[in-house]
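Everything in the sequence shown is counted per the working numbering, starting at 69 for the first residue and increasing by one.
Only one structure is covered here, and it is reproduced in the block below.
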Amino acid sequence: MYWSLYLLNTTFFVILFRFNMLILHIYIFNCDFIGLVAY
Numbered sequence: 069m070y071w072s073l074y075l076l077n078t079t080f081f082v083i084l085f086r087f088n089m090l091i092l093h094i095y096i097f098n099c100d101f102i103g104l105v106a107y
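Spelled out as structure tokens, the structure:
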């Protein structure tokens with residue numbers, strides 16, 4: 069029970085971390101794109 073809960077938490081945090089990295093990557097890319105267009 070405890071082990072499965074730990075595994076679930078780990079999986080959840082990994083998914084959350086990857087999702088955040090994806091959003092951050094898209095945000096940075098958009099900023100760079102806007103910077104290039106403005107430049």
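All residues carry an ideal CB built from backbone N, CA and C; glycine is no exception.
If you're wondering where the values come from, they're calculated on a predicted model, not measured in any experiment.
Distance check for residue j and residue i, CA to CA, integer angstroms please.
i	j	result
S72	N98	39 Å
I83	D100	26 Å
F81	L90	14 Å
L92	F85	10 Å
To which residues of the same chain is residue i closer than 6 Å at the C-beta, ignoring the five residues directly before and after it?
i	result
Y95	none
L76	none
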